């Protein structure tokens with residue numbers, strides 16, 4: 206398998222804070238690669254190192270088979286990116302912005318070609334409007350058009366759906382999938398939402414406090430056999446006793462309430478069993494164990510101070 | 085490099101703040117010209133003082149060359165502040181808008197990027213000075229005509245023949261350009277360290293003001309510093325209006341200004357190449 210990004214032992218220390226700690230991962234060619242972590246986990250710092258915005262304290266980055274440090278220009282010529290929010294020149298029009306980005310990327314496109322790029326993200330009609338009049342979603346789409354203007358092999362998107370409405374999120378998601386499936390681009394996309402990454406990514410990497418927590422194929426990490434089912438019934442003690450008397454007992458997990466770990470395909474059968482045995486079910490919620498794990502990561506470091514009146 | 089510089093110039097001239105300096109200079113020049121047109125003789129009488137009673141000076145003293153000299157004298161003290169507006173914004177303004185990270189992720193070298201920005205700031209400075217020269221000299225000559233130029237020095241008046249004036253203005257323009265590019269280089273260096281343009285603009289203005297004060301104060305401890313202060317050399321454009329011109333002194337000052345530009349720009353390149361772009 207060929208890798209588009211190959212990172213080894215990447216570390217960044219800001220004064221006394223280690224933002225990224227000995228991070229290693231490989232991004233396969235042609236895939237959508239999800240990069241997950243809570244806010245402050247080190248995602249943006251990692252992405253900035255991949256794009257030469259900041260210098261690593263140690264470690265190596267190879268992109269498109271070339272060492273980033275020594276072949277910076279060649280690598281960036283094949284790369285398109287949006288880092289955090291797509292900041293563009295607000296006092297310029299959409300067409301002027303994309304034209305500048307094309308020239309900076311080393312490509313010369315005619316006005317018609319630039320308009321086609323804007324058309325791809327639904328902004329052709331606003332080509333001559335100044336960016337300061339655009340909504341957040343339009344800016345995001347223009348940012349994506351600018352990132353794609355040099356027809357890059359690798360596209361790096363840092364939280365591309367931040368600040369978008371549901372329709373905007375769906376549009377960006379569809380564009381990412383289309384770029385990967387139809388055009389064979391490799392897309393490295395970061396997010397702090399597992400739900401967002403799991404619908405797009407072929408592979409994923411989870412980091413916490415700058416360290417790798419999990420990496421692998423999405424289908425392996427999100428395998429349906431790891432589905433957790435949380436039950437709430439009229440009488441939890443009686444229900445638990447009932448479940449222990451038959452095949453469901455093997456799925457029962459320790460802890461408060463009723464929690465079962467099973468293959469996702471078996472969830473309807475459990476529901477039928479409960480109904481047939483007259484159990485009054487208030488709620489049956491299934492979620493992937495990785496989601497639980499990821500949630501624990503994202504909430505572990507958050508606390509709210511409360512003050513007495 | 086030229087492509088990058090053209091892009092930078094395009095961005096500079098698309099910003100409305102760019103035209104503040106042109107508008108300010110245009111307004112000051114026109115105000116001075118109108119003031120001299122309506123009451124220039126009184127100003128001349130005040131300036132000449134006892135000279136008028138001791139000597140009889142023939143010809144058109146209030147001519148276009150004289151008015152432009154007056155304009156230069158007034159403006160070249162304040163133009164640095166206007167130049168700081170653009171040079172101080174060159175990198176810090178991009179950091180503030182978030183576009184600096186866009187630029188740095190493009191396949192262009194950081195050195196090329198920073199040099200093209202400085203080149204664009206320098207071209208802007210030259211255009212501003214050209215505007216000042218065309219409006220100041222052109223309109224003054226049209227309004228007041230040409231005659232011999234009378235220049236007031238600290239202890240004497242120098243009378244320059246009208247045929248001997250234009251080359252002096254051209255040379256003074258070149259020297260003033262060098263002085264102003266030095267100021268642009270100071271603002272530019274500060275711009276590399278900041279994430280908004282207000283900081284470097286104020287810092288560069290402060291440096292110019294403090295150094296100018298040190299230059300003008302005649303105190304022994306400051307006198308020792310003066311040869312190293314760029315502000316001490318910036319005003320040597322006036323040397324072209326001495327008779328004869330002390331070319332050695334003027335070229336020495338020009339050389340020192342060039343060295344300052346090289347130093348400030350080299351530092352800007354060095355720090356920008358090492359800078360972590362976090363904004």
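Chains as they are written, first to last, in my numbering: chain A, 206 to 514; chain B, 85 to 363. Yeah, the Cβ is synthetic: ideal placement off N, Cα and C, and Gly gets one too. This structure is a prediction, so every number in the text was calculated from the model and none was measured.
- If the five residues before and after residue 246(A) are omitted, its C-beta is found closer than 6 angstroms to the C-beta atoms of 412, 413, all from its own chain and listed in chain order.
- C-alpha of residue 475(A) to C-alpha of residue 426(A): approximately 24 angstroms in a straight line.
- With contacts defined by Cβ atoms closer than 8 angstroms, residue 259(A) and residue 395(A) do not form a contacting pair.
- Among the residues facing chain B, residue 267(A) is not included, as its CB has no counterpart in that chain under 8 angstroms away.
- Identification of residues in the region 327–356 of chain A having a C-beta nearer than 7 angstroms to some C-beta of chain B yields an empty set.
- Residues of chain B with a Cβ closer than 9 angstroms to the Cβ of residue 247(A) do not exist; the shortest Cβ-Cβ separation is about 13 angstroms.
- The continuous stretches of alpha helix (DSSP H) do not include residue 214(A), which lies in the beta strand (DSSP E) extending over residues 208–219.
- For residue 416(A), the uninterrupted beta strand (DSSP E) run begins and ends at 416–422, by DSSP.
- Listed in chain order, the non-local C-beta contacts of residue 432(A) below 8 angstroms within the same chain comprise 466, 467, 468, 469, 472, 491, 492, 493, 494, local neighbours out to five positions each way being set aside.
- Listed as beta-bridge partners of residue 395(A) by DSSP are 240(A), 363(A).
- Per DSSP, reduced to three states, the secondary structure at residue 285(A) is strand.
- A straight line joining the alpha-carbon of residue 329(B) with that of residue 252(B) spans about 9 angstroms.
- Counting along the chain, residue 106(B) sits inside the alpha helix (DSSP H) bounded by residues 102–132.
- According to DSSP, residue 222(A) shares a beta bridge with 219(A).
- Sequence-distant Cβ neighbours of residue 279(A) in its own chain, meaning closer than 7 angstroms and more than five residues away, are 271.
- Under the three-state reduction of DSSP output, residue 99(B) falls in the coil class, being neither helix nor strand.
- In the three-state DSSP reduction, residue 345(A) falls in the helix class (H, G or I).
- When 8 angstroms is used as the limit between beta carbons, residue 361(B) is near these residues of chain A: 253, 258, 259, in chain order.
- In this structure, the CA atom of residue 447(A) is about 9 angstroms from the CA atom of residue 453(A).
- The DSSP assignment places 223–228 as complete runs of the alpha helix (DSSP H) inside the region 213–241 of chain B, in order along the chain (cut-off: 4 residues).
- When DSSP states are grouped into helix, strand and coil, residue 487(A) belongs to the strand group.
- Using a CB distance cut-off of 8 angstroms, residue 181(B) counts as an interface residue toward chain A.
- Rounded to the nearest angstrom, the gap between the Cα atoms of residue 370(A) and residue 282(A) is 32 angstroms.
- Cβ atoms of residue 384(A) and residue 392(A) come within 8 angstroms of each other, at about 6 angstroms.
- 266(B) is the residue among 183(B), 332(B), 266(B) whose C-alpha sits nearest the C-alpha of residue 291(B).
- With three or more CB-CB distances shorter than 8 angstroms, the region 159–173 of chain B counts as touching the region 197–209 of chain B.
- For residue 185(B), the residues of chain A that pass the 7 angstroms Cβ criterion are 258, 288, in the order they occur in the chain.
- Residues are counted here when their Cβ sits less than 8 angstroms from a Cβ of chain A; for the region 187–202 of chain B these are 187, 188, 189, 190, 191, 192, 193, given in chain order.
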